[in-house]
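**Q**
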Ligand SMILES: Nc1ncnc2c1ncn2[C@@H]1O[C@H](COP(=O)(O)OP(=O)(O)OP(=O)(O)O)[C@@H](O)[C@H]1O
Ligand SMILES: [Mg+2]
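Numbering (UniProt numbering), first residue to last: 1 to 313.
Next comes the structure, spelled out in structure tokens:
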């Protein structure tokens, strides 16, 4: 059975400028162990989709229709179930780890609180023990010391590991990760994505991933939905969407990926646009007035790493 099923979800936001249909009839589902990614430019409705499913949008500002079930429980027709699901069978990994934690409580205090929220029967001491175990699982260095730290004493990457540990503490069936690595620099990003893949392999959790980064989508996803103005304009397996995009919007998204030196280096002799400087001096180009050819960028040159389960760069 799918962990998340969404059918014809519509979200209308009531704003001072009128009603905005931020999500306009999207349908998708996610099975255990799968990562499904929603990708799209800023303002396309990705976060609104996620926030609506978690019922984190206030009722007087957002009107939700359609249907969605998390673990078989209706979360659109009623608010009755979501309170019991959130922080238990579904966990959120936020975009900005710096602001997601309470600045005046230690990491340990916040983890113990989250763990006891999910597992009411655990004593404080047992919850503390579990917190340490989780911090070890997310490869946080010196966890005994970190539990006594306040959020500002940890780096962004460390905090995101803490938040992943907190998300896992509830043994969720579904993790919603909205731009989980966007606030982190690239080297830290890779470590966090690796950790998410490792956790998924171990626990079989379903992941709804939101990103505007096709490289991240390609690495992490089983399936991708490309969102544009509240609708899915393209759906499919990673290879299909990234390597053979059908929709103009997806092709533009692919073209918008910045070229990274190591992956698209015209000074690399293997690069198709490589010009041998020695040969060039000996025999100059035929027609100096000719238009230079438009640069072409294939996904594998554009810094997009391997797919989920495939070889990693
Ligand atoms: N609180 C709000 N008030 C008014 N409009 C909003 C509000 N939140 C979102 N919107 C509008 O809803 C649409 C979808 O926004 P949403 O935040 O879901 O986009 P997104 O795809 O998550 O973008 P980003 O990549 O920037 O996070 C946008 O047109 C946005 O302007
Ligand atoms: Mg967003």
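Glycine included, each C-beta is placed from N, C-alpha and C at the ideal position. In this text the structure is predicted, and so the values were computed from the model without any measurement.
So what's residue 104 in DSSP terms, helix, strand or just coil?
**A** If DSSP states are grouped into helix, strand and coil, residue 104 belongs with coil.
**Q** Could you pull out every unbroken beta strand (DSSP E) segment of at least 3 residues lying fully inside the segment 75-140, listed in chain order?
**A** Complete beta strand (DSSP E) runs here, min 3: 90-93.
**Q** Is residue 210 a contact residue of ligand 1, with contact defined as CB to any heavy atom under 8 angstroms?
**A** For ligand 1, at least one heavy atom lies less than 8 angstroms from the Cβ of residue 210.
**Q** Determine the direct distance from the alpha carbon of residue 71 to that of residue 136, and round the result to whole angstroms.
**A** Each residue's alpha carbon lies about 28 angstroms from the other.
**Q** Could you check whether the Cβ of residue 224 sits closer than 8 angstroms to any heavy atom belonging to ligand 1?
**A** No - ligand 1 has no heavy atom lying nearer than 8 angstroms to the Cβ of residue 224.
**Q** Could you round the C-beta distance between residue 214 and residue 253 to whole angstroms and report it? I think they count as a contact, below 8 angstroms.
**A** About 6 angstroms separates the two Cβ atoms, so the contact holds.
**Q** Let me confirm a value: residue 42 is counted as buried when at least 16 other C-beta atoms fall within 10 Å, else exposed. Which label applies?
**A** Flag for residue 42 reads exposed.
**Q** Taking the CB atoms as reference points, tell me whether residue 29 and residue 66 lie closer together than 9 angstroms.
**A** Contact: no.
**Q** Work out the CA separation of residue 68 and residue 4 for me, nearest whole Å.
**A** Each residue's Cα considered, the two are about 7 angstroms apart.
**Q** For residue 9, which three-state DSSP category applies?
**A** Correct three-state label for residue 9: strand.
**Q** Roughly how many whole angstroms lie between the Cα atoms of residue 230 and residue 145?
**A** Rounded to whole angstroms, residue 230 to residue 145 spans 45 angstroms at the Cα level.
**Q** Out of 75, 192 and 219, which one is the CA nearest neighbour of residue 239?
**A** That would be 219, whose Cα lies nearest to the Cα of residue 239.
**Q** Considering only residues of the same chain and omitting the five flanking positions on each side of residue 14, which have a CB-CB separation below 6 angstroms?
**A** Taken in chain order, the residues that qualify are 61.
**Q** Would you mind listing the beta strand (DSSP E) stretches within the segment 151-207 that are 3+ residues and don't spill past its ends, in chain order?
**A** For the segment 151-207, whole beta strand (DSSP E) runs of length 3 or above, ordered along the chain, are 174-178.
**Q** Per DSSP, which residues does residue 29 bridge with? Please list them.
**A** In DSSP, residue 29 forms a bridge with 5.
**Q** For ligand 2, I want to know if residue 96 counts as a neighbour, meaning its beta carbon is within less than 8 angstroms of at least one of the ligand's heavy atoms.
**A** False, no ligand heavy atom lies under 8 angstroms from that Cβ.
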